[in-house]
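See below for the structure under consideration.
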Amino acid sequence: MTHTLLITRPERQAARFAALCEDRFGDRIDIVTSPLIRIEALSDPGSMAGYGGVIFTSENAIAAVGPAAAGNAMRAYCVGDRTAEVARAAGYDAIAAEGDADHLFDLILRQHVTPPLLHLRGEHARGALAERLTQAGVKTDEAIVYRQIAQPLTEAARAVLRGDKPVILPLFSPRTASLFREGAAGCTAPLRIVVFSPAVADALGGEFGDDIAVCQSPDVNEMLDMLARLIDAWWAVEDRGGAG
Numbered sequence: 002m003t004h005t006l007l008i009t010r011p012e013r014q015a016a017r018f019a020a021l022c023e024d025r026f027g028d029r030i031d032i033v034t035s036p037l038i039r040i041e042a043l044s045d046p047g048s049m050a051g052y053g054g055v056i057f058t059s060e061n062a063i064a065a066v067g068p069a070a071a072g073n074a075m076r077a078y079c080v081g082d083r084t085a086e087v088a089r090a091a092g093y094d095a096i097a098a099e100g101d102a103d104h105l106f107d108l109i110l111r112q113h114v115t116p117p118l119l120h121l122r123g124e125h126a127r128g129a130l131a132e133r134l135t136q137a138g139v140k141t142d143e144a145i146v147y148r149q150i151a152q153p154l155t156e157a158a159r160a161v162l163r164g165d166k167p168v169i170l171p172l173f174s175p176r177t178a179s180l181f182r183e184g185a186a187g188c189t190a191p192l193r194i195v196v197f198s199p200a201v202a203d204a205l206g207g208e209f210g211d212d213i214a215v216c217q218s219p220d221v222n223e224m225l226d227m228l229a230r231l232i233d234a235w236w237a238v239e240d241r242g243g244a245g
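Under our numbering, residues 2 to 245 are what the sequence shown spells out, in order.
Encoded structure:
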């Protein structure tokens with residue numbers, strides 16, 4: 002039996018992750034994408050002059066503010082490798098933390114920073130990073146540069162969730178997990194969930210039981226490896242069943 006992989010990330014990230022899954026798993030899975038968040042850039046935050054660096058906790062913020070000023074490779078403190086990669090491509094002098102706000106907080110405190118810093122973020126954010134840094138002695142302002150607008154599950158997503166074929170659900174953010182919990186009423190499909198961090202698991206609120214796999218580190222390759230183990234295990238069960 003082919004399994005369904007349901008991807009609920011925002012459109013740009015969903016397309017990129019779907020391509021990685023297609024390369025990794027081929028025809029062992031059917032992929033359905035249903036972004037639960039739509040990203041909408043807001044007005045330009047204005048000049049970054051006077052700041053010793055910027056903080057990016059999502060590549061969506063980089064897309065919203067655009068490239069660094071020509072000839073000014075401003076230091077960018079980024080939540081993880083992917084965000085740092087996007088920041089470098091946009092002309093920032095980027096360094097990466099290990100994938101979450103707590104690691105980013107620790108990274109900034111270890112650096113010889115030149116305050117103030119500016120956290121460019123979305124409307125919904127966790128961790129109160131600017132406030133924590135300011136309290137720790139690194140003056141940090143923040144500017145909201147994009148909105149994360151909730152979207153309903155697509156009809157295709159609802160159909161697979163109300164079917165009887167196994168569905169594998171990777172979840173990358175607490176807000177997406179919360180939106181899925183609210184929108185997945187009536188789910189009858191056998192569901193296996195893999196989450197990026199304990200905070201994502203917490204956002205599910207126990208709605209789907211305790212059988213939720215948590216990545217050891219918030220890293221896309223770790224997520225792919227965990228999905229691979231899950232898919233391999235499911236196929237092994239079916240092979241044993243077919244052999245009988």
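For every residue, glycine included, the Cβ atom is placed at its ideal position computed from N, Cα and C.
With burial defined as no fewer than 16 other Cβ atoms inside 10 Å of the residue's Cβ, what is the status of Ala15: buried or exposed? buried
With distance defined between alpha-carbon atoms, name the residue in Ala204, Ala214 and Phe173 nearest to Leu192. Ala214
Quick check: what's the CA-CA separation for Ala88 versus Ala19? 22 Å
DSSP three-state label for Glu23, please. helix
Beta-carbon proximity check, Arg148 vs Glu41, cutoff 8 Å: yes
Just the C-alpha distance for Gly245 and Ile194, rounded to the nearest angstrom, thanks. Below a pLDDT of 50, predicted positions are generally treated as unreliable, and Gly245, at 44, falls in that range; the measurement from the model is reported next regardless. The straight-line gap from Cα to Cα measures roughly 28 Å.
Can we count Ala77 as close to the ligand GDP, meaning its CB is less than 7 Å from some heavy atom? Of ligands this structure carries none, so the ligand GDP is not represented either.
To the nearest angstrom, how far is it from the Cα of His120 to the Cα of Ala234? 42 Å
As assigned by DSSP and simplified to three states, the class of Thr115: coil
Which residues share a DSSP beta bridge with Tyr78? Ile56 and Ile96
Using the beta-carbon count (16 or more within 10 Å), is Thr5 buried or exposed? buried
What would DSSP say about His255, mapped onto helix, strand or coil? With the chain covering only 2 through 245, there is no way to say anything about residue 255.
Since I believe Ala98 is in contact with Val80 (beta carbons under 8 Å), could you give me their beta-carbon distance rounded to a whole number of angstroms? 6 Å
Span of the alpha helix (DSSP H) around Ala178: Pro175 to Gly184
Let me make sure I understand the geometry here. Which of Ser35, Val201, Pro11 and Thr3 has the alpha-carbon closest to that of Glu156? Ser35
Between the Cα of Leu130 and the Cα atoms of Gly54, Phe106, Gly53 and Tyr93, which residue gives the shortest distance? Phe106
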